[in-house]
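Notes follow once the structure below has been shown.
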Amino acid sequence: MIDSEHATEELSGYLERDFSRTNGSLTEMKQKIQDKYRYCITRQKVLLDHVAEGYECDYWEYNEDV
Numbered sequence: 002m003i004d005s006e007h008a009t010e011e012l013s014g015y016l017e018r019d020f021s022r023t024n025g026s027l028t029e030m031k032q033k034i035q036d037k038y039r040y041c042i043t044r045q046k047v048l049l050d051h052v053a054e055g056y057e058c059d060y061w062e063y064n065e066d067v
């Protein structure tokens, strides 16, 4: 989970940058953004599959006191 959070923060950081002040090429930055986006989507799918498996196999224990 921490890895997904870190990757999402990195992606946000890329998107919040002022591209006019970027020393590297825009093509390079675009590639970094696309790679990080694909990684985040992949991790999201893994997490959702895990949650679905938990429901199907009755792994989750509910705490109604919360």
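Reading the sequence shown from the start, the letters are residues 2 to 67 in the working numbering.
Heads up, the beta-carbon is just placed ideally off N, CA and C, and yes, glycines get one too.
DSSP, reduced to helix, strand and coil, places Y63 outside both helices and strands of the structure shown, so it counts as coil. For the pair L12 and I34, the CB atoms are nearer than the 8 Å cut-off. Within the same chain, M30, K33, I34, K37 come within 8 Å of Y15 by CB-CB distance, once the 5 residues on both sides are set aside.
Look at G14 here: in three-state DSSP terms it is helix.
Looking at the backbone, the Cα of W61 and that of L27 are separated by about 45 Å. Boundaries of the alpha helix (DSSP H) harbouring C41: 27 to 57, taken from the DSSP string. Nearest C-alpha to E6 among N64, R39, R44: R44.
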